[in-house]
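Keeping their order, the protein sequence lines are chains A and B.
The first sequence begins at 0 in numbering that gives the first Met the number 0 and counts up one residue at a time.
The second sequence begins at 0 in numbering that gives the first Met the number 0 and counts up one residue at a time.
Just so it is clear, CB atoms sit at the ideal spot from N, CA and C, and this is done for glycine as well.
If you're wondering where the values come from, they're calculated on a predicted model, not measured in any experiment.
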Amino acid sequence: MNLRDVQFCARYPFSPGSRQLLSSQAVDAVPPELMDRAQETAIRWMTSHSFSDEWQRLKDAENESTLMAEVAAYPLAKLMSASTDVPAVKKDFGKGASARTLFFLRRDPDAIARLAGELFEAKKDGLYRLGVYDYLMNIPFGAEFKLVNTELDDGFVHIDDEVMSRVIAEYVYRSIDGMHVDKKSLPRSLLQRADELKRHVAAREEKEIEAGPIDYSAFPPCMRRIYQELRSGAPVAHNSRFVFVTFMANIKVPKKEMVAAFYKTPNFNETKTRYHVEHALGEQGGIKYSCPACAKVESYGLCFKYNTCIKRHPVSNYSFNRGKKR
Amino acid sequence: MSVELIKQMFAAYYEKHPPQAPPSFGQREFGFGSDKKIDYRHISFKNERDFQNYFISNAPLYASFSAGYYEFPDGRPMPKKGLIGADLIFEFDQECPHGTLFCPDCLEKTKQDTFHLIEEFLCRDFGVSRKDIYINFSGSRGYHVHVRNKDVQRLDGRARREIADYLQARNFDVRLLKGASASSKGWKGRAARTVRAFVENPEYKRYGVSAQFAKKVTERKDEILLNIDRGNYDVLKGADSRWESVIDSQVVHMNADIDQSVTLDMARLIRVPTTLHGGSSLLAAHANDLERFNPLKDTIAFHNYPVKVKVLKDVLQFVLNETTFGPFKAGEEASVPEYAAMGMLCKQAADMIK
Chain A
0 MNLRDVQFCA RYPFSPGSRQ LLSSQAVDAV PPELMDRAQE TAIRWMTSHS
50 FSDEWQRLKD AENESTLMAE VAAYPLAKLM SASTDVPAVK KDFGKGASAR
100 TLFFLRRDPD AIARLAGELF EAKKDGLYRL GVYDYLMNIP FGAEFKLVNT
150 ELDDGFVHID DEVMSRVIAE YVYRSIDGMH VDKKSLPRSL LQRADELKRH
200 VAAREEKEIE AGPIDYSAFP PCMRRIYQEL RSGAPVAHNS RFVFVTFMAN
250 IKVPKKEMVA AFYKTPNFNE TKTRYHVEHA LGEQGGIKYS CPACAKVESY
300 GLCFKYNTCI KRHPVSNYSF NRGKKR
Chain B
0 MSVELIKQMF AAYYEKHPPQ APPSFGQREF GFGSDKKIDY RHISFKNERD
50 FQNYFISNAP LYASFSAGYY EFPDGRPMPK KGLIGADLIF EFDQECPHGT
100 LFCPDCLEKT KQDTFHLIEE FLCRDFGVSR KDIYINFSGS RGYHVHVRNK
150 DVQRLDGRAR REIADYLQAR NFDVRLLKGA SASSKGWKGR AARTVRAFVE
200 NPEYKRYGVS AQFAKKVTER KDEILLNIDR GNYDVLKGAD SRWESVIDSQ
250 VVHMNADIDQ SVTLDMARLI RVPTTLHGGS SLLAAHANDL ERFNPLKDTI
300 AFHNYPVKVK VLKDVLQFVL NETTFGPFKA GEEASVPEYA AMGMLCKQAA
350 DMIK
């Protein structure tokens with residue numbers, strides 16, 4: 000690989016070329032400096048979505064060992080985030096990595112074509128011709144990217160640079176979010192550093208969800224709709240009820256108020272409702288359920304007007320909406 | 000009494016005609032029912048003989064298998080099964096408004112919906128090869144379309160929702176019509192073709208728009224067509240919402256709550272082809288040659304010899320195996336072929352007289 004290739008790998012460490020580069024540089028053990036760098040990368044991407052400095056630093060960097068460290072830090076950071084067993088860590092890291100990719104690609108059009116080819120065997124002829132299943136598995140978030148609004152023909156969608164950049168960014172997010180690791184196979188030094196990532200997320204969540212009165216007007220559209228249906232006495236499907244309870248639990252609605260939300264439903268039974276609420280809270284079955292992210296809410300068919308939502312999680316959208324009103 | 004008799008008849012049928020295990024049956028979860036469609040599930044089979052013996056011994060009235068492939072298909076709860084992938088399945092089921100036991104009209108409607116899905120969407124837009132599409136008659140009111148290949152097996156819930164949305168043009172941005180032509184790809188082209196077809200022949204009932212709007216279109220037909228050829232679809236003020244109704248005429252009609260969930264739910268259990276349907280006595284049959292397939296003839300499982308039945312409720316005239324039966328009055332005794340008697344039994348419209 001020449002210097003330009005190494006530079007490319009440092010900017011896009013998820014690329015197949017990066018894996019190839021690393022496999023050619025076999026080492027016996029990961030040096031502690033590299034572990035530190037991976038941890039620092041993970042925390043930086045999780046906490047700040049400003050990538051101008053990093054772009055400037057990597058754009059023309061010529062020091063090969065610095066570039067190599069950048070490439071090697073990424074899979075380690077990914078392993079760290081996956082080893083925490085805290086979904087929010089993977090999600091935060093994934094969102095950071097995805098945002099960084101999109102930021103870089105918007106300044107690097109040649110890289111879009113290269114990555115489209117390497118990741119999806121997609122060729123550009125005016126527009127990119129991308130296999131529909133690759134598109135579906137990496138579909139960006141937002142009404143304008145819905146399959147129904149793309150040009151689909153004979154198994155291929157035809158998309159421009161911007162949409163392809165978003166598909167690649169989503170690919171990065173999903174490859175992190177969907178990663179599962181066997182912790183037993185990981186070195187202790189990595190697991191210790193992973194704990195630090197957990198602490199960061201816990202601190203952020205604590206800050207986001209302060210105790211305080213519930214602001215129903217800040218509910219994201221999906222939850223507002225379920226809430227309105229419950230209050231109108233309409234029959235509400237099990238999935239919707241469950242998602243709604245987990246959402247209310249996550250934004251710290253008092254149990255009594257959660258039960259009261261179901262008061263007008265047909266066949267309301269306070270004891271049963273309390274039992275189900277406690278089950279979702281983990282007080283009955285031992286498993287505490289978290290509110291699913293927007294992607295899952297959407298897959299349940301409960302997402303409405305998602306193009307008005309800024310975040311990828313109903314709880315984050317609630318926090319965001321509440322923050323806006325202050 | 001009837002259920003026991005039906006089970007005996009089903010067992011005798013299965014002894015002579017053991018059902019075929021579905022592809023990759025070792026990785027599938029099975030569910031069976033007699034009182035309900037599925038009384039118990041989380042069942043798996045290691046070999047085809049066990050599968051077939053189960054039918055002979057238990058004669059279930061309903062047999063279903065999973066869209067999903069699992070590492071441990073009998074594991075429970077669900078996460079312990081270890082989902083490997085899932086077929087992509089579409090269900091077309093028509094609630095019959097005609098009150099007859101077997102309704103050729105409704106079955107024809109679901110057949111047309113099935114054609115529309117396969118030709119217009121799966122093959123044309125999604126590029127699915129015909130060899131990866133398997134069509135099964137459900138044994139009762141409609142058809143199941145299974146797409147089985149490596150590409151669809153990896154699709155997650157969100158991707159499947161996206162496909163269901165696509166088939167129904169949900170969230171289609173009608174502003175995309177601007178500049179669209181009949182040769183545009185995907186819904187953009189389909190919408191352009193549909194709007195053009197409507198303007199050329201504005202049958203307002205077929206397209207779900209008002210007679211008043213259709214009249215306006217007729218009056219300015221030439222002008223609108225000229226503009227459409229230039230990619231301009233907003234000659235008439237506020238036409239966007241009307242175009243949405245027109246475009247809706249092309250969507251794949253799936254019952255929003257029931258049929259769609261079959262496509263979305265990877266853990267869904269669906270009728271096993273080559274098994275009998277306890278609600279009709281018909282065979283849930285492969286129907287890959289859909290055009291020639293006759294669901295009320297090719298699926299007859301029982302004999303032609305006459306048996307006596309006592310009719311339990313008024314039954315409208317119905318056609319089965321190209322033979323017309325009835326109408327019957329409640330309390331009436333009648334002699335009908337065994338297959339028709341079984342159909343009436345399964346529909347709880349008659350009892351057999353020994």
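Minimum Cβ-Cβ distance from residue i to chain A less than 8 Å
| i | result |
| --- | --- |
| Glu161(B) | yes |
| Gly156(B) | yes |
| Phe89(B) | no |
| Trp186(B) | yes |
| Leu175(B) | yes |
| Phe171(B) | yes |
| Leu268(B) | no |
| Ser180(B) | no |
| Arg153(B) | yes |
| Ile257(B) | The pLDDT assigned to Ile257(B) is 47, lower than 50, so where the model puts this residue is not dependable; a value taken from the coordinates is nonetheless given after this. Chain A, which has no Cβ nearer than 8 Å to the Cβ of Ile257(B), makes this no. |
| Gly126(B) | yes |
| Tyr165(B) | yes |
| Ala168(B) | yes |
| Leu263(B) | yes |
Test: residue i CB closer than 8 Å to a CB of chain B
| i | result |
| --- | --- |
| Val147(A) | yes |
| Glu150(A) | yes |
| Ser298(A) | yes |
| Val85(A) | no |
| His157(A) | yes |
| Ala121(A) | no |
| Ala210(A) | For Ala210(A), the predicted structure reports a pLDDT of 44, less than 50, and the residue's modelled location is therefore unreliable. The matter cannot be settled from this model. |
| Gly154(A) | yes |
7 Å Cβ shell around residue i - same chain, five flanking residues per side excluded
| i | result |
| --- | --- |
| Leu126(A) | His157, Ile158 and Asp159 |
| Gln19(A) | none |
| Glu355(B) | Nothing about residue 355(B) can be read from this structure; chain B reaches only from 0 to 353. |
| Leu263(B) | Gly156, Arg159, Arg160 and Ala163 |
| Asp256(B) | Below a pLDDT of 50, predicted positions are generally treated as unreliable, and Asp256(B), at 44, falls in that range; the measurement from the model is reported next regardless. Closer than 7 Å at Cβ, skipping near neighbours: no residue. |
Span of the beta strand (DSSP E), counted from its first residue to its last, around residue i
| i | result |
| --- | --- |
| Tyr13(B) | Here Tyr13(B) belongs to no beta strand (DSSP E); instead the alpha helix (DSSP H) covers Ser1 to Lys15. |
| Phe31(B) | Phe29 to Gly32 |
| His157(A) | Phe155 to Ile158 |
| Val144(B) | Gly141 to Val146 |
| Leu319(B) | Phe317 to Leu319 |
| Asn62(A) | Neither: Asn62(A) is in no beta strand (DSSP E) and is coded neither H nor E. |
| Pro305(B) | Pro305 to Val310 |
| Thr322(B) | Thr322 to Phe324 |
| Val335(B) | Glu332 to Pro336 |
| Asp35(A) | Premise fails: Asp35(A) lies in the alpha helix (DSSP H), Pro31 to Thr46, not in any beta strand (DSSP E). |
| Tyr132(A) | No beta strand (DSSP E) holds Tyr132(A); the alpha helix (DSSP H) holding it covers Val131 to Met136. |
Close Cβ partners of residue i (< 8 Å) along its chain, the five nearest in sequence each way excluded
| i | result |
| --- | --- |
| Asp107(A) | Arg10 |
| Ser231(A) | Lys263 |
| Phe267(A) | Phe261 |
| Pro265(A) | Gly232 and Pro234 |
| Phe24(B) | Phe44, Glu47, Phe50 and Phe64 |
Unbroken alpha helix (DSSP H) run spanning residue i, endpoints
| i | result |
| --- | --- |
| Asp92(B) | Looking at the DSSP string, Asp92(B) is not in any alpha helix (DSSP H); the run it does join, the beta strand (DSSP E), is Leu87 to Asp92. |
| Asn268(A) | Premise fails: Asn268(A) is in no alpha helix (DSSP H) and is neither H nor E. |
| Ser231(A) | Pro220 to Ser231 |
| Lys214(B) | Ala210 to Glu218 |
Proximity of residue i and residue j at Cβ, strictly below 8 Å
| i | j | result |
| --- | --- | --- |
| Ala72(A) | Arg113(A) | no |
| Ile5(B) | Leu315(B) | no |
| His442(B) | Arg270(B) | Residue 442(B) lies beyond the range of chain B shown here (0 to 353); nothing can be said about it. |
| Leu301(A) | Val252(A) | no |
| Ala168(B) | Val147(A) | yes |
| Gly32(B) | Tyr61(B) | yes |
| Asn148(B) | Asp124(B) | no |
| Ala379(A) | Met34(A) | Because chain A in this structure spans residues 0 to 325, residue 379(A) falls outside the shown range and cannot be described. |
| Thr113(B) | Asp92(B) | no |
6 Å CB neighbourhood of residue i in its chain, flanking five on each side removed
| i | result |
| --- | --- |
| Gly30(B) | Ile37, Arg40, Ser63 and Leu268 |
| Ile111(A) | Leu104, Asp160, Met163 and Ser164 |
| Gly95(A) | Trp44 and Met45 |
| Ala98(A) | His48 |
Closer than 7 Å: residue i CB and nearest the ligand COA heavy atom
| i | result |
| --- | --- |
| Ser33(B) | Because no ligand of any kind appears in the structure shown, any question about the ligand COA cannot be addressed here. |
Opposing strand residues paired with residue i [DSSP bridges]
| i | result |
| --- | --- |
| Glu150(A) | His157(A) |
| Thr274(B) | Ala283(B) |
| Ile352(B) | Answer by DSSP bridge pairing: none, since Ile352(B) is not bridged. |
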